[in-house]
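Residue numbers (mature numbering (1 follows the signal peptide of the UniProt record, and there is no 0)): -24 to -1, 1 to 229. Ideal Cβ placement from N, Cα and C applies to all residues, glycine included. Here the structure is laid out as structure tokens; the discussion comes afterwards.
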């Protein structure tokens, strides 16, 4: 049929071929770069984690009736066991996760700490989104995630955000395999080999690699390197991603 069309209607035949090729290209999944948010898109030197830890300890003392030493010890135990305090609190104390979020993450004075970052924005804009997609993956609740990227001035550069949904019990969060599968579903990608992940958490990078993703452990310059690498890639700066994955970046003129 197509050879005959070429003879009789060459322009129509060409359009049919182009449409077929376009549909094939659309069906080919683009890789996805999943970025963590806290201590990844902004510096650990902002000490947001320390402020958050203080609010968490206060929550332990005020809502669980623990002494300062007990609160600090339980906080540390939960962090080591689950990667974040809220999961342990929900499991062991059946707390209201949204109330916890209001008194911890939402109570952080981020407006005074995080400002628009032109260098970060330029770095993200240099990523060629015709070749790779940008997505966020955080253990924070949606309010906090959106608040941070808006303050950084990069909220328009990501296609979507996968977050730990505090309204759904049991909680699903990194480094659980279910969290990485959830991110894939929400980002609309089915091949783990096309998932790339950047996070400052050793545990999360271990979990991502176990899930079949390419994981990049971001250990900010000035902070100690782990004794055992978390994953196949380790960087001291997000800028190093340019040399790790040059195929994802636009060529500078």
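Taking DSSP's pairing of strands, which residues face residue 273 in a bridge? An answer regarding residue 273 cannot be provided, because it is not within the stretch -24 to 229 covered by the chain.
Cα-Cα separation, residue 39 to residue 79: 11 Å
Counting C-beta neighbours from all protein chains within 10 Å, is the total for residue 64 16 or more, i.e. buried, or is it exposed? buried
Stretch pair the segment 38 to 54 + the segment 200 to 211: three plus CB contacts closer than 8 Å: no
Near residue 180, which residues of its chain fall below 6 Å by C-beta distance, leaving aside the five closest residues on each side in sequence? 150 and 151
Residue 54: buried (16+ other C-beta within 10 angstroms of its C-beta) or exposed? buried
Exposed or buried, residue 174, counting other C-beta atoms within 10 Å across all chains shown (16 or more means buried)? buried
Indicate the three-state DSSP secondary structure (helix, strand or coil) for residue -2 in the structure shown. Confidence at residue -2 is low in this model, with a pLDDT of 38, below 50, so its placement is unreliable and no value can be given for it.
Candidates 170, 222 and 190: which alpha carbon is nearest residue 109's? 170
Could you compute how far the alpha carbon of residue 221 sits from the alpha carbon of residue 188? 17 Å
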